[in-house]
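Report on the following structure.
In our numbering, the protein residues as written are 1273 to 1606.
Below, the structure is given as structure tokens:
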């Protein structure tokens, strides 16, 4: 039996478990050149909210009645693909279900997970969110030693790695997160130089205090008022990396643009968005640095693991309501 979560309806405002439908189907058989995989872990990511909306984006929306899209680590059960050996671990967009068939080319083709890498690690510090952090900093942020880097949603899956890589690059790092526990995680275990609790502190004022010479690199995961606060305190020739805008994803009306974007002109600064898929052909370069950093403990990825495929919709809601730290994933099987 193949347990599945289907997209039943498109969210209006905040995503809800009612937007999903549970189905039990037959386990599919692999065709020529395909492999059958058993999902072990499912990644839950902010991008999923966009995939649920019928709006133009970098990938087509999930169709009503289709299995919800999601990145997974899986074990190859049966294979007609000479490059995917039975028993090996692979990562791919296998969806919210127990079993899936491999297929697709380029970024959609499953990737082999190196021997010895734990499945959860392949979704966390060595997974897509870590690659997002690596490429966004390397190609857009371009941090230099001694510069000040500010990261929003810094206790999340991507933000936590961004800050740690910036520290490795010799930068001073300030993280913005929600609540004292997340801020303590940043300045304690993850080694940030400072943290701002957006729930209890005035972000713009605290940025002026903690970044008296301005912000050289701002990594934006949230958009909205926090983006405006960062734009108000830029250093000359700052770089703003647009990775996401989780504060806006569940808005029922289109968000307004930042009111103070002209500070980009005044400070001769640049704001640029990117997608990690743009660098897929070069991921070997990123992993050549990430793997030693992770094994040496220089990059750590806090993990929030929920048990059971049946709990995926509720866990996704926790992500958007800020009730998790680090990389959120669902353990489907062992």
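Don't be surprised by glycine CBs; every beta carbon is placed ideally from N, CA and C.
Three-state secondary structure (DSSP) at residue i?
i: residue 1554; result: helix
i: residue 1381; result: coil
i: residue 1327; result: coil
i: residue 1469; result: strand
i: residue 1312; result: strand
i: residue 1517; result: coil
i: residue 1445; result: strand
i: residue 1368; result: coil
i: residue 1321; result: helix
i: residue 1505; result: coil
i: residue 1420; result: strand
Roughly how many angstroms separate the alpha carbons of residue i and residue j, rounded to a whole number?
i: residue 1599; j: residue 1337; result: 27 Å
i: residue 1551; j: residue 1545; result: 13 Å
i: residue 1492; j: residue 1529; result: 14 Å
i: residue 1476; j: residue 1443; result: 21 Å
i: residue 1486; j: residue 1422; result: 10 Å
i: residue 1437; j: residue 1562; result: 9 Å
i: residue 1318; j: residue 1350; result: 32 Å
i: residue 1357; j: residue 1478; result: 53 Å
i: residue 1282; j: residue 1533; result: 32 Å
i: residue 1572; j: residue 1566; result: 6 Å
i: residue 1420; j: residue 1303; result: 52 Å
i: residue 1452; j: residue 1289; result: 28 Å
Kindly indicate the opening and closing residues of the beta strand (DSSP E) around residue i.
i: residue 1544; result: 1542-1545
i: residue 1337; result: Counting along the chain, residue 1337 falls outside any beta strand (DSSP E), and DSSP gives it neither H nor E.
i: residue 1374; result: From DSSP, residue 1374 is part of no beta strand (DSSP E); its letter is neither H nor E.
So, under 8 Å CB-CB, residue i and residue j are touching, yes? Tell me the CB distance rounded to an integer number of Å.
i: residue 1363; j: residue 1399; result: 7 Å
i: residue 1555; j: residue 1403; result: 6 Å
i: residue 1352; j: residue 1418; result: That belief does not hold up - the Cβ atoms of residue 1352 and residue 1418 are roughly 54 Å apart, past 8 Å.
i: residue 1314; j: residue 1604; result: 6 Å
i: residue 1426; j: residue 1449; result: 5 Å
i: residue 1320; j: residue 1342; result: 7 Å
Would you mind reading off the limits of the alpha helix (DSSP H) that contains residue i?
i: residue 1478; result: 1475-1482
i: residue 1358; result: From DSSP, residue 1358 is part of no alpha helix (DSSP H); its letter is neither H nor E.
i: residue 1590; result: 1584-1592
i: residue 1436; result: 1429-1440
i: residue 1406; result: 1400-1407
i: residue 1411; result: Element bounds for residue 1411: n/a, residue is neither H nor E.
Problem - Meets three-Cβ-pair contact criterion under 8 Å: the stretch 1507-1521 and the stretch 1411-1428 - result: Segments in contact, yes.
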